[in-house]
Amino acid sequence: MKKKDISLALILILIAVYLIVSRLDIMPKIPIFTILFTVLFVYWAFRGFMRRHFFEGVVSLAIVGCINDDLLGIEAITPWTLMAAAVLIGIALDMIFRNKNACYSNVKYGSTGHVENGVDGEYVRIENSFGEVSKYVNSDRFREAKIENSFGTCNVFFNNTILGGNTAVIRAENSFGSTNIYLPSTWRVNVTQDTAFAGIKFSGHGSDAQDAPCIDLKLDCSFGEICVIFE
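No gaps in the numbering here: position 91 of the sequence shown is 90 in numbering that gives the first Met the number 0, and each next residue is one more.
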C-alpha cells in the first residue's frame with residue numbers, strides 16, 4: 000500500500016475515534032466538517048512542504064486558518080487578506096527554493112542536449128505561471144520533459160517527437176491551472192498520478208503493443224486539472 004493511502008487511512012481512523020470520544024463528553028464537541036477539512040488541509044500542507052511544493056503548503060495552511068479563524072482569533076484578516084498573503088508567500092517561496100537556478104517568468108522554456116535550428120534536445124523543461132503557453136516538442140532523441148504550470152494554461156504537444164531510446168519520462172506538475180499533454184497514440188504509457196483537490200483525465204488510448212515506444216508519465220496535480228490526449 001502507498002504511503003499516501005496509509006496516511007489518509009490514519010486520518011479517517013482519527014476522525015472516527017474523535018466522533019466516538021466527543022459523544023462521551025471526554026472532549027469538547029467541534030463540528031464534524033470543521034474537523035474533517037482541517038485535518039485534510041493540514042495533511043495537504045505537510046505533503047506540500049515535504050515535496051518542496053511551497054505554494055500548495057502555504058495555501059493549505061491559509062485555508063486551515065480560514066476554517067478556524069474564530070478559534071485562532073484572526074477573523075480580522077480572513078478570508079481574503081489571509082488568502083492573498085498566502086498566495087504571494089507561496090509564489091515567493093517557490094521562486095526562491097524550487098527555481099534557484101533560473102529567473103521566474105510568466106513563460107519559460109528550455110532545452111538541452113541537442114539544440115540546433117529549432118530542434119529540441121534530449122531534455123526539455125517548460126514553465127508557465129499566470130499565463131498561457133503552447134509548446135511543440137520537436138526532438139529526434141527525446142528522453143525527458145519537465146512541465147510546471149501554476150495559475151495558467153499549458154499545452155504541450157509531443158506529436159513530432161521521436162524517443163532517443165525505448166523509453167522516456169514526462170513529469171508534469173500542475174497547481175491552480177490546466178495542463179494539456181498531447182501524445183501520439185502509437186506510444187505506450189505507464190502512468191503514476193498524485194492529486195490534491197484536482198482532476199486527471201485521459202482522452203483516447205495509447206498503444207498496447209509491448210514493443211511500442213514507452214513513456215513513464217508522472218503526473219502531480221493540485222487544485223487544477225491535467226488532461227492527457229492521445230492523437
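Note that beta-carbon positions come from the ideal geometry of N, C-alpha and C, so glycine has one too.
Same chain, Cβ closer than 6 Å to residue i, five either side skipped, listed in chain order
i    : result
S138 : D119 and T160
Cβ pair residue i, residue j closer than 8 Å
i    : j    : result
R187 : G203 : no
G151 : G176 : yes
F157 : P183 : yes
V190 : L216 : yes
D219 : A171 : yes
A195 : F222 : yes
V123 : V132 : no
F40  : V63  : yes
Assigned exposure category for residue i - 16 Cβ within 10 Å defines buried
i    : result
R46  : buried
F96  : exposed
V57  : buried
N173 : buried
N165 : exposed
P30  : exposed
V20  : exposed
A85  : buried
W79  : exposed
D210 : exposed
D93  : buried
F32  : exposed
Any C-beta of chain C under 8 Å from that of residue i
i   : result
V63 : The structure shown contains no chain C, having only a single protein chain.
In DSSP terms, what residue i is bridged to
i    : result
Q209 : Q209 pairs with nothing; no bridge assigned.
A85  : Paired residue(s): none; A85 is not in a bridge.
Residue i, DSSP secondary structure in three states
i    : result
L23  : coil
R187 : strand
A197 : coil
V38  : helix
L218 : strand
R124 : strand
I161 : coil
T178 : strand
Same chain only: Cβ atoms within 7 Å of residue i, ignoring 5 sequence neighbours per side
i    : result
L35  : I14
S178 : The sequence given here places Thr at residue 178; Ser does not occur at that position. Hits under 7 Å: I146, N148, C153, A171 and I225.
Same chain, Cβ closer than 8 Å to residue i, five either side skipped, listed in chain order
i   : result
G89 : F53, F54, E55, G56, V57 and V58
E74 : D68
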